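First to last, the sequence lines map onto chains C and L. Following numbering that gives the first Met the number 0, the numbering of the first sequence begins with 0 at its first residue and continues without gaps. Following numbering that gives the first Met the number 0, the numbering of the second sequence begins with 0 at its first residue and continues without gaps. Don't be surprised by glycine CBs; every beta carbon is placed ideally from N, CA and C. Bear in mind that the values here come from a model prediction, so they are computed numbers and not experimental data.
There are 2 protein chains.
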Amino acid sequence: MSEPTKFLLGEEQIPSHWINLLPDLPGEPLPPLNPATGRPAGPDDLTPIFPMGLIGQEVSPEPEVEIPAEVREAYGLWRPTPLIRARRLERALNTTARIYYKYEGVSPSGSHKPNTAVPQAYENAEAGVRKLSTETGAGQWGSSLAFACSLFGLDCEVFMVGSSYDQKPYRRSMMETWGATVHRSPSDRTQSGRAQRRHPTGSLGIAISEAVEVAAQDPDCNYSLGSVLNHVLLHQTVIGQEAILQMQLAGDEPDVVVGCVGGGSNFAGLAFPFLRAGSNARLVAAEPAACPTLTRGVYRYDFGDTAGLTPLMPMYTLGHDFVPPPVHAGGLRYHGDAPMLCGLVKAGRIEARAYRQNETFEAAVRFARSEGIIPAPEPAHAIRAVIDEVERGEAKVILFGLCGHGNFDLAAYDAYLAGDLEDPEFSEADMEAALARLPEAPAIA
Amino acid sequence: MSEPTKFLLGEEQIPSHWINLLPDLPGEPLPPLNPATGRPAGPDDLTPIFPMGLIGQEVSPEPEVEIPAEVREAYGLWRPTPLIRARRLERALNTTARIYYKYEGVSPSGSHKPNTAVPQAYENAEAGVRKLSTETGAGQWGSSLAFACSLFGLDCEVFMVGSSYDQKPYRRSMMETWGATVHRSPSDRTQSGRAQRRHPTGSLGIAISEAVEVAAQDPDCNYSLGSVLNHVLLHQTVIGQEAILQMQLAGDEPDVVVGCVGGGSNFAGLAFPFLRAGSNARLVAAEPAACPTLTRGVYRYDFGDTAGLTPLMPMYTLGHDFVPPPVHAGGLRYHGDAPMLCGLVKAGRIEARAYRQNETFEAAVRFARSEGIIPAPEPAHAIRAVIDEVERGEAKVILFGLCGHGNFDLAAYDAYLAGDLEDPEFSEADMEAALARLPEAPAIA
């Protein structure tokens, strides 16, 4: 066995700190705004639904934040995750480029989401909170939070987007196996849900509104969000820190780092530690052409949810009530993106590319037939971008994030293999509608 | 992080040899018999469906068999698998016993089956075979062979038991994603299938007959079996060899080794290397009360398949045409067991225990809520046996095989959590019927 395929770390090499990129960002900081006053939203705006431990992480100016021992111990259930050299994919592509992927699908719920679910559950348990409420689309986030709550003895109440609830009963079963209560959203449980009975298939925005409402009304319950916010991106930086060590083990340095972007936490988790380390690697963010936030959105203050309950955040947005077509990459169907990530796109440090659904599945099947792992539809976008990089012929060493497996997405593969997969794209009319729906807020310089 | 949870090996520690326990077995060897002549079946009886490379491994008297470099390289896609100390389960059980599990669910198809699928595909490709046919019940084996065939450029044709084909469409999609062709069995593709139209839900025995028939009639196609045979057990010994090294890393030695048994390859793969190494650990085999081969079967020569196409094999059997109730542990629904394993049960070296379906799911949910991983229904039997060992209070160090995850079995968890899970048991009437159906064959001393 002359050439190793996997680069592994011991449990003692789980990072001791998360990396906070906030102090490194270019330009003046753009705080979230209170939509009622138009003024910067402070910690007080967040205390009804988040514990102080997480609010502190959300606004921290420190370059690093220590990971609590209990969180590191729980990370040890599946971390460090493997870094794998995709030798068989390289052969299949007939390339001399070296391709590596950081595989987060080994977590109990099958994606990177537990990296933040665990510290969120921990901080809430420490603060004496009894229960967490959240929304979930395809179920990756909800199942990760259900898992994390089971570790820290918290109840967990999940509002699952109606169409996904019907299509993915296994994700619901998974949450219930870990002890969570799952509602089909819109539900009768909340005012926000009852008001949306006319939208029986639901949306992520509606589900967020339901979960926030439950948390705001129950003093023992907090809300938990799986992407976008600073503290979520912070938690995900364990991915990139491990990857840096593992690339050193491999004796290689990436000249391109690739990831898919929905809310941005998976991409940031991989890429931010490379930025902190001063890497000159090109950073490539891959998103769906059906929801092309970074490539076609406008850089503006907008709400994080459909109902307009959250602070206004500076980001590339397609409009907070944009409902993307039902592509199978459910985790990438978000109208905005993490403000930290958007700032780096605006500054030109991150390149964004949009791909159509069918070309991402073509790439995913190619990957599955060479490397074995069947990817989730979300990282299939990253694989498509990697193949593009190879075909351009410039990159010598490519690292990408394989943020989850596709075990719960095989109906999508069925449709692709049968030639029945739709290939929606964002239209000029969508764009016009998006611009018309933006809230009043200060422009960004 | 004072106490490690995971014990990992580097790729260079993938075993270089498989362990062949055949020369160590107690008593006189009991060869398989040609059912037509009643005389020992030799390599010639196997050449129509197996390549010589595998036949050589099937009958090898050597204590070790070298693993080909290409197979070790493919193993490197997911091996070595982790050994994990179940600290959270220990806490949940309030025990001072130390519990470890060897987790095979990290393979691309999610179970231990690729350990043998890969060398089988390799040996067939080396022999110039173009295609492999096989049967699959719940889909673990079929998807593993589909994956292995994709690595070595072989076509793959899978006969999937009708009831599973209907219940588990995702397993079918998985096989198709790796490029396999999947038939619902009984099918119109074969004589054996057409003859069984009256059993529309199918059975593993019928599906085996279909796959063997396809291989016997097509000179470019061989048959591949996922358990029971000597060479399959041989390939699985990578599990136990790694576990021995990992237990040394943990500074512990098991006094009980536990695994579930369907055909026996998972259990043998974990336990046989401990036997070779002279371990005094008790070996506990857990099986379903609905298909209690080792605990209630008779030790006799019987066919490996329903139609009676295979050689007669010495084993504990419930009768080759016994159709077990549709418990969710599809991989444990086999009328017999590996002859090598049966010999050790007969000799008293392995203890067998049978468990009802509901008590295994109760154990699995307990495991999921402490350790995170949702187990497949098959290893849920092993977890039940582990909890029993803990409750008996004698064992200090328990090692068990967690041979796969339950991502494709969540409908079963649904039924369990809703209180709708059936709890079938083998009856005296089943036993009488089984005895009446045994083929004529010499008794075993």
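query	result
Under DSSP, the alpha helix (DSSP H) around N229 (chain C) begins and ends at which residues?	229-235
What whole-angstrom Cβ distance do V344 (chain C) and A351 (chain C) have, given they're in contact under 8 Å?	6 Å
Mind checking which residues open and close the alpha helix (DSSP H) that includes A116 (chain C)?	113-125
Would you mind telling me which residues of chain C sit closer than 9 Å to R107 (chain L), beta carbon to beta carbon, in chain order?	Strictly speaking, residue 107 (chain L) in this sequence is Pro, with Arg absent from that position. In chain order: A367, E370, G371, I372, I373, H404.
How do the segment 109-129 of chain C and the segment 140-156 of chain C stand: do at least 3 beta-carbon pairs fall below 8 Å, yes or no?	yes
Going by DSSP in three states, I373 (chain C) sits in which element: helix, strand or coil?	coil
Going along chain C, which residues have a C-beta under 7 Å from E175 (chain L)?	L416
My guess is that P30 (chain C) and P39 (chain C) are in contact by the Cβ rule of under 8 Å, so how many angstroms apart are they, rounded?	4 Å
Quick one: list the residues of chain L neighbouring Y412 (chain C), beta-carbon separation under 7 Å, in chain order.	S172, T176
Taking Cβ to Cβ, would you say A285 (chain C) is nearer than 8 Å to A384 (chain C)?	yes
What did DSSP end up calling P272 (chain C) once you bin it into helix, strand or coil?	helix
Please confirm if the segment 358-371 of chain C is in contact with the segment 307-324 of chain C, defined as three or more CB-CB distances below 8 Å between the two stretches.	no
Over what stretch of residues does the beta strand (DSSP E) that includes K345 (chain C) continue unbroken?	Here K345 (chain C) belongs to no beta strand (DSSP E); instead the alpha helix (DSSP H) covers 338-345.
Can you tell me whether D165 (chain L) is helix, strand or coil according to DSSP?	helix
Name the chain L residues that come within less than 8 Å of F146 (chain C), Cβ to Cβ?	G371
Can you give me the C-alpha to C-alpha distance between T94 (chain C) and G178 (chain C), rounded to a whole angstrom?	47 Å
Pick out whichever of L:D217, L:A242, L:P218, L:I207 has its Cα sitting closest to the Cα of S226 (chain L).	L:I207
Among L:P79, L:Y100, L:P81, L:T80, which has the Cα closest to the Cα of L88 (chain L)?	L:Y100
From the DSSP output, in three-state form, read off Y100 (chain L) for me.	strand
Buried or exposed for N265 (chain L), going by 16 or more other Cβ atoms inside 10 Å?	buried
Under the DSSP definition of a beta bridge, which residues are partnered with Y222 (chain L)?	L:S132
Against chain L, does S149 (chain C) count as a neighbour if the rule is that its beta carbon must be under 8 Å from one of theirs?	yes
According to DSSP, is S202 (chain L) helix, strand or coil?	coil
Please classify R183 (chain L): does DSSP put it in a helix, a strand, or coil?	strand
Using three-state DSSP, classify C148 (chain C) as helix, strand or coil.	helix
In whole angstroms, what separates the C-alpha of K175 (chain L) from that of V297 (chain C)?	Looking at the sequence itself, residue 175 (chain L) is Glu, so the reference to Lys does not match. Each residue's Cα considered, the two are about 41 Å apart.
CA-CA distance, V396 (chain C) and I372 (chain C)?	21 Å
Run through the segment 9-63 of chain C for me and flag every whole alpha helix (DSSP H) of 4 or more residues, listed as ranges in chain order.	51-58
Name, please, each residue of chain L whose Cβ falls closer than 8 Å to the Cβ of L88 (chain C).	Those within 8 Å of L88 (chain C) in chain L number zero; the least Cβ separation is about 11 Å.
Can you name the residues that DSSP bridges to G403 (chain C)?	C:S110
Establish whether the CB of F486 (chain L) and some CB of chain C are separated by less than 8 Å.	Nothing about residue 486 (chain L) can be read from this structure; chain L reaches only from 0 to 444.
Could you check the C-alpha separation between M0 (chain L) and F146 (chain C) for me, to the nearest Å?	Bear in mind that the predicted position of M0 (chain L) carries a pLDDT of just 46, short of 50, making it unreliable; the figure below should be weighed with that in mind. Approximately 21 Å, taken between the alpha carbons.
Verify whether the separation of the beta carbon atoms of I205 (chain C) and T305 (chain C) is less than 8 Å.	yes
When you compare the CB positions of F425 (chain L) and A288 (chain L), do they come within less than 8 Å of one another, or not?	yes
Assess, as a yes-or-no matter, whether the segment 427-443 of chain C is touched by the segment 58-68 of chain L under the definition of 3 or more beta carbon pairs within less than 8 Å.	no
Against chain C, which members of the segment 53-78 of chain L pass a CB distance test of less than 8 Å?	A68, R71, E72, G75, L76, W77
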